[in-house]
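Before any comments, here is the structure.
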């Protein structure tokens with residue numbers, strides 16, 4: 001089959017690789033229908049996260065089950081399924097508690113020896129724990145398929161950020177980060193009942209999506225000026241719930257100072273940099289909490305799926321460019337250059 | 001009257017100072033019956049926190065109301081009252097939400113122009129918001145008075161740490177810090193239903209109190225060895241709830257690594273050092289939350305008081321040395337040299 005591989009920074013290829021097959025009785029093979037490129041894939045693309053030459057890549061996909069191992073009972077051949085960005089067994093302590101990202105048998109798509117999502121097909125370990133069935137009639141509805149694909153990462157990650165930030169009905173929320181996760185966090189915050197959602201951003205295409213997703217205010221300033229602007233919008237107090245969806249020291253620093261006393265930061269930006277950006281003295285004096293991390297999106301799919309299916313929320317606008325599998329390298333380039341927000345891959 | 005003053009590091013004096021009097025209609029004057037010395041007072045004593053020469057000190061006291069301003073309605077002359085370690089107006093946004101430490105009109109005992117608790121009497125701003133009435137028959141019961149005095153800081157701070165750490169019935173808790181706050185956190189965790197409470201400590205007098213307060217396991221190791229020991233006690237997983245009651249980089253680092261995936265650190269140790277000690281990458285990968293800060297103990301008194309009065313919890317053993325007001329400098333010396341855990345001051 002054809003699949004995307006990474007050979008060196010900025011060297012993405014689509015190549016012939018061995019066809020996947022069931023290796024363990026708990027495996028399934030999924031023929032990929034839709035995949036996409038994640039902001040976190042760019043860390044590998046840019047050489048900021050190490051990869052072995054020729055390693056597969058891509059961790060968001062949905063498709064049709066083609067083959068199942070003898071112990072798989074939850075999904076069957078022909079089922080339309082979505083995969084979260086990590087596999088998980090569904091039965092360990094952590095999975096039963098909903099923290100599927102800490103699964104004792106979990107792993108990452110594209111790790112050495114494993115298929116990535118940006119390919120024609122994927123061998124899925126622990127298929128019963130990992131895959132979630134979708135209604136088959138979604139096939140043929142391009143908008144709905146795109147919306148459903150966000151369940152594999154960005155929508156669930158935005159939801160995780162909103163939960164970490166303690167978003168409640170009536171809350172004032174500030175979102176740091178105008179990427180697909182930050183935008184999905186706006187959608188998630190709105191869904192959880194936030195009354196006011198302030199998005200930090202200055203790219204009109206993105207802030208337009210933020211408004212469509214529920215943002216009530218856009219703050220184009222950055223750093224201290226952004227803090228000042230958010231305080232002006234909130235009677236000097238700051239936001240109850242702040243979502244940090246970037247992962248840099250500067251963005252975390254901004255997030256701390258945007259937060260109202262007693263509030264919380266939901267952080268889902270993969271941390272980068274040698275410093276945390278956290279001002280612990282400020283957090284202490286003002287009782288600011290920090291919650292979040294790698295989102296257990298598998299556990300969130302059952303809650304979010306019905307709202308995506310019935311159109312209560314529509315995250316599909318985060319995709320603003322579509323390529324086929326052979327076009328994946330162009331997709332990386334577009335995202336790296338911020339020409340595209342998020343690239344959909346159709347197989 | 002006589003009151004404790006600090007003139008320079010290690011230079012504590014008990015001196016004649018002006019008698020307090022009602023200055024604002026919302027003030028009360030409280031004649032101090034019991035006060036104490038806090039671990040955080042030692043930061044001033046050691047010169048690690050700056051003070052103006054001659055500044056008052058002490059932020060934990062209970063006593064009898066001697067005088068009230070014209071607008072005070074909640075307490076009256078002759079009432080036995082306890083004061084939390086900050087005053088608060090009780091009516092602002094933050095106070096109504098229970099975050100009395102962020103009160104818009106709040107302040108610290110002993111700040112310039114204000115009396116400290118380690119003196120004969122204290123002018124109490126915002127008396128209605130600040131003071132909590134106690135049963136008068138507690139006077140004469142030395143043990144009970146000592147127990148009630150902990151409501152002013154260490155018991156409420158331990159409770160705040162336990163809440164921040166998300167202690168729930170059945171939880172496994174680890175406590176970093178064997179000072180009075182750490183020990184009160186053990187008591188608070190036990191009260192909240194923790195099943196297993198692991199205290200890090202090696203001073204027998206303190207670990208004996210920890211056991212009396214509910215600790216099920218004592219880990220004398222420190223740093224990585226302590227992490228290893230706690231993991232061995234918890235099937236390799238770590239503790240659901242970790243209480244950080246020290247405030248150093250090393251203790252915070254230890255706290256992060258003691259925490260089970262998906263767990264939380266309740267931090268109440270005043271942060272010291274230029275670094276946070278937080279490994280944000282570990283917190284991200286394992287979804288470890290950080291919650292806490294300066295404890296809004298005023299808001300906790302109504303919940304904790306009945307349990308202290310009926311003996312459900314007895315925090316009085318945290319006091320292991322008693323001095324009169326003239327002996328306060330000796331009390332500082334004893335705590336600084338770790339001869340005493342916490343010093344009670346009887347007036």
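Chains as they are written, first to last, in the working numbering: chain A, 1 to 347; chain B, 1 to 347. Glycine included, every Cβ here is placed at the ideal spot set by N, Cα and C.
Return the CA-CA distance between residue i and residue j, expressed in angstroms with no decimal places.
i: residue 322 (chain B); j: residue 226 (chain B); result: 33 Å
i: residue 334 (chain A); j: residue 340 (chain A); result: 5 Å
i: residue 153 (chain B); j: residue 163 (chain B); result: 15 Å
i: residue 40 (chain B); j: residue 101 (chain B); result: 16 Å
i: residue 32 (chain A); j: residue 117 (chain A); result: 7 Å
i: residue 234 (chain A); j: residue 314 (chain A); result: 28 Å
i: residue 62 (chain A); j: residue 231 (chain A); result: 42 Å
i: residue 201 (chain A); j: residue 217 (chain A); result: 10 Å
i: residue 336 (chain A); j: residue 288 (chain A); result: 33 Å
i: residue 308 (chain B); j: residue 155 (chain B); result: 10 Å
i: residue 253 (chain A); j: residue 222 (chain A); result: 11 Å
i: residue 195 (chain A); j: residue 294 (chain A); result: 26 Å
i: residue 178 (chain B); j: residue 22 (chain A); result: 54 Å
i: residue 240 (chain A); j: residue 197 (chain A); result: 10 Å
i: residue 168 (chain B); j: residue 47 (chain A); result: 43 Å
i: residue 29 (chain A); j: residue 324 (chain A); result: 20 Å
i: residue 238 (chain A); j: residue 257 (chain A); result: 8 Å
i: residue 263 (chain A); j: residue 113 (chain A); result: 43 Å
i: residue 12 (chain A); j: residue 180 (chain A); result: 22 Å
i: residue 140 (chain B); j: residue 229 (chain A); result: 56 Å
i: residue 142 (chain B); j: residue 345 (chain B); result: 12 Å
i: residue 43 (chain A); j: residue 8 (chain A); result: 12 Å
i: residue 34 (chain A); j: residue 78 (chain A); result: 15 Å
i: residue 213 (chain B); j: residue 80 (chain B); result: 27 Å
i: residue 73 (chain A); j: residue 128 (chain A); result: 7 Å
With DSSP collapsed to three states, give me the class of residue i.
i: residue 40 (chain B); result: coil
i: residue 192 (chain B); result: coil
i: residue 77 (chain A); result: coil
i: residue 342 (chain B); result: coil
i: residue 107 (chain B); result: strand
i: residue 6 (chain A); result: strand
i: residue 118 (chain B); result: coil
i: residue 203 (chain A); result: coil
i: residue 1 (chain A); result: coil
i: residue 222 (chain B); result: coil
i: residue 28 (chain B); result: strand
i: residue 249 (chain A); result: helix
i: residue 49 (chain B); result: coil
i: residue 165 (chain A); result: coil
i: residue 235 (chain B); result: coil
i: residue 259 (chain A); result: strand
Let me check understanding here. Comparing Cα to Cα, which of the options lies closest to residue i?
i: residue 275 (chain B); options: A:302, A:280, A:97; result: A:280
i: residue 283 (chain B); options: A:299, A:284, A:206, A:270; result: A:270
i: residue 301 (chain A); options: A:7, A:98, A:56, A:6; result: A:98
i: residue 199 (chain B); options: B:248, B:144, B:192, B:255; result: B:255
i: residue 304 (chain B); options: B:38, B:187, B:52; result: B:187
i: residue 115 (chain B); options: B:272, B:86, B:285; result: B:86
i: residue 248 (chain B); options: B:129, B:196, B:267, B:239; result: B:267
i: residue 348 (chain A); options: A:151, A:185, A:180; result: Past the boundaries of the shown model lies residue 348 (chain A); chain A is included only from 1 to 347, so the question cannot be answered.
i: residue 38 (chain B); options: B:157, B:55, B:54; result: B:157
i: residue 261 (chain A); options: B:292, B:272, B:260; result: B:292
i: residue 109 (chain B); options: B:211, B:60, B:306, B:51; result: B:60
i: residue 342 (chain A); options: A:9, A:147, A:128; result: A:147
i: residue 137 (chain B); options: B:190, B:130, B:64, B:73; result: B:64
In terms of DSSP beta bridges, what is residue i paired with?
i: residue 12 (chain B); result: B:6
i: residue 292 (chain B); result: B:267
i: residue 241 (chain B); result: B:173, B:264
i: residue 210 (chain A); result: Per DSSP, none; premise fails for residue 210 (chain A).
i: residue 217 (chain A); result: A:198
i: residue 348 (chain A); result: Examination of residue 348 (chain A) is not possible in this model, given that chain A is present from 1 through 347 alone.
i: residue 62 (chain A); result: A:34, A:82
i: residue 322 (chain B); result: B:344
i: residue 124 (chain A); result: A:28
i: residue 56 (chain A); result: A:5
Given the structure, does residue i come close to the ligand SAM, in the sense that its CB is under 7 Å from one of the ligand's heavy atoms?
i: residue 251 (chain A); result: The ligand SAM is not among the ligands present in this structure, which contains no ligands whatsoever.
* To do: Below 9 Å between beta carbons is the criterion; list the residues of the segment 84-107 of chain A that meet it against any residue of chain B, in chain order.
  => 93, 94, 97, 98, 99, 101, 102
* chain A contacts from the segment 41-71 of chain B (Cβ-Cβ distance under 9 Å) -> none
* Taking Cβ-Cβ distances below 8 Å as the criterion, which residues of the segment 278-299 of chain A are in contact with chain B? -> 278, 280, 281, 283, 284, 285, 286, 287, 288, 289, 290, 291, 292, 293, 294, 296
* May I ask you to list, following chain order, the residues of the segment 237-255 of chain B that have a beta carbon less than 7 Å from some beta carbon of chain A? => Of all residues in the segment 237-255 of chain B, none has a Cβ within less than 7 Å of some Cβ in chain A.
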